[in-house]
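Colleague:
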Amino acid sequence: GHLFKKYGVQTVAGEAKLLGGGLVEVSKADGTTQTITAKHIVIAVGARARTFPTIQPDGERILTYREAITLDRKPRTAVLLGAGAIGMEFAYFWNAMGVDVTLLEGQDEVLPLEDREAGNLARKAFEKQGIKVHTGVQIAGVARDGDEVAVSLADGRTLRADTVLVALGIAPNTEGIGLDAAGVATNARGFITVDRSHRTSAPGVYAVGDCCDGGPALAHVATRQAHVAIERIAGLHVPDVDYGNVPSCTYSQPQVASVGRTEDALKKAGVAYQLGKFAFAANGRSQGAGTPDGWVKVLVDPKHGEILGAHLVGADATELLSELVVARGAESDAETLLHTMHAHPTASEAVLEAIAVARGASVHA
């Protein structure tokens, strides 16, 4: 609100609907409506937790992330459905508070979009912390049973807990906002289709964030999309959103962070790479801070030195990732990083050392 006032942004509170032809109708809490005419309209309605016919959150015992993040009680036992970033973060947080946590994932590994080795290390760390992790399991149904919830698995087992968190993806908030009337096209899953300037199929209408099909559902992706859309509306020349250089972070302990391609993806595509890996156990700052677990892994093109991907697991992984994101965005090669002086002792030296290993120039590994 302070920033809106500072920049002179007019706010109209209510339920908005597109009418087409540059018109937006807002239904207000007092029962009145207001029609606004605009040359440019930006849709940023976000998304919500995905549900299924056999898994329906009730906001009390069967939760989505929205209820979980404002929960006014500490669960005694919890089953979390999905071991992506949201499931992993809540599993770590609740376990750290003393909750008996069971984490279920349908894929054969946690954090299935991350580097396989990184996911395996995170799983081992979670299990060491007391979190029960089950992968390769399918959910048959979830049902309330008094103050408990029964989670039925496809293999016939039933798990019980007083709280269940559903973290199985998202669905866009695109129903009932007048997309058809305005001629805004969506894909088969209801996400708004956009071009590289985030224009929709309707003239003058843009979409950004989790409601559109423009990239991964992350806050920093939505912010960048909004910058591109607004700056191009203003007539400025700015680069496209670089979806090949999106930082991915999981805020648990250990933290997991990545950018670029995984080893599995490179192998599948037949792309040659040099692998460099350096453990925080050999990093002076990490040893001194008592956080020696984890490592930095880099994947480098052997011919041109392009940093194809980077994967980090450890206490400072999400902070250390930015150096690699900037390097890739600036098209700096591995040699540039190799000859860039890093302060000692810092955890970021592990990034330099991993690059050195990949290029066959390490003296500390």
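What the sequence shown shows, in this note's numbering, is residues 40 to 404, in sequence order.
Note that CB positions come from ideal geometry on N, CA and C, so glycine has one too.
Nothing here was measured: the structure is a model prediction, and the numbers come from that model.
#1: Hey, how far is the Cα of Ile394 from the Cα of Pro341?
#2: Could you please give the first and the last residue of the uninterrupted alpha helix (DSSP H) stretch that includes Lys307?
#3: Following the continuous beta strand (DSSP E) through Val81, name the residue where it begins and the one where it ends.
#4: Report the three-state DSSP secondary structure of Tyr290 (helix, strand or coil).
#5: Hey, out of Gly40, Tyr46, Val51, Lys56, whose CA is closest to Val244's CA?
#6: Please give me, in chain order, every unbroken run of the alpha helix (DSSP H) with length at least 4 that falls completely inside the stretch 351-400.
#7: Quick check on Phe317: buried or exposed, where buried means 16 or more other Cβ atoms within 10 Å of its Cβ?
#8: Residues in its own chain within less than 6 Å of Ala187 by CB, not counting five upstream and five downstream?
#9: Could you have a look at Lys67 and say whether DSSP puts it in helix, strand or coil?
#10: Does chain B have any CB closer than 8 Å to the CB of Ala400?
#11: Using C-beta distances below 7 Å, list every residue in its chain close to Leu304, excluding the 5 sequence neighbours before and after it, in chain order.
#12: Within the continuous beta strand (DSSP E) that includes Gln168, where are the two ends?
#13: Taking 8 Å as the cut-off, does the stretch 281-296 touch the stretch 350-357 (at least 3 CB pairs, one atom from each stretch)?
#14: For the ligand HEM, any of its heavy atoms closer than 7 Å to the Cβ of Ala130?
Modeller: Taking the structure as given:
#1: Within the sequence shown, numbered from 1, the residue matching residue 394 stands at position 355. Within the sequence shown, numbered from 1, the residue matching residue 341 stands at position 302. Approximately 12 Å between the Cα atoms of the pair.
#2: For the purposes of this step, residue 307 is taken as the residue at position 268 of the sequence shown. Where Lys307 is concerned, the enclosing alpha helix (DSSP H) stretches over 302-308.
#3: As a first step, residue 81 must be located in the sequence shown, where it is residue number 42. Here the beta strand (DSSP E) through Val81 covers 80-82.
#4: Indexing the sequence shown from 1 puts residue 290 at position 251. Coil.
#5: Working through the sequence shown from its first residue, we reach residue 244 at position 205. Closest by alpha carbon: Lys56.
#6: 356-368, 373-377, 388-397
#7: Translated into positions along the sequence shown, residue 317 becomes position 278. The residue in question, Phe317, is buried, as its Cβ has 16 or more Cβ neighbours within 10 Å.
#8: For this step, residue 187 is matched to residue 148 along the sequence shown. Ala is not the amino acid found at residue 187; the sequence shown has Glu there. Correct list, in chain order: Arg199, Asp201.
#9: By one-based count along the sequence shown, residue 67 stands at place 28. It is coil, neither helix nor strand.
#10: No chain B appears in the structure shown, which is made up of a single protein chain.
#11: Mapped onto the sequence shown, residue 304 falls at position 265. What sits at residue 304 in the sequence shown is Ala, not Leu. Closer than 7 Å at the Cβ level, and outside the excluded window around Ala304, lies no residue.
#12: Mapped onto the sequence shown, residue 168 falls at position 129. Unbroken run through Gln168: none, as it is neither H nor E.
#13: yes
#14: For the structure depicted, the ligand HEM is absent and the ligand set is empty, with no information on it obtainable.
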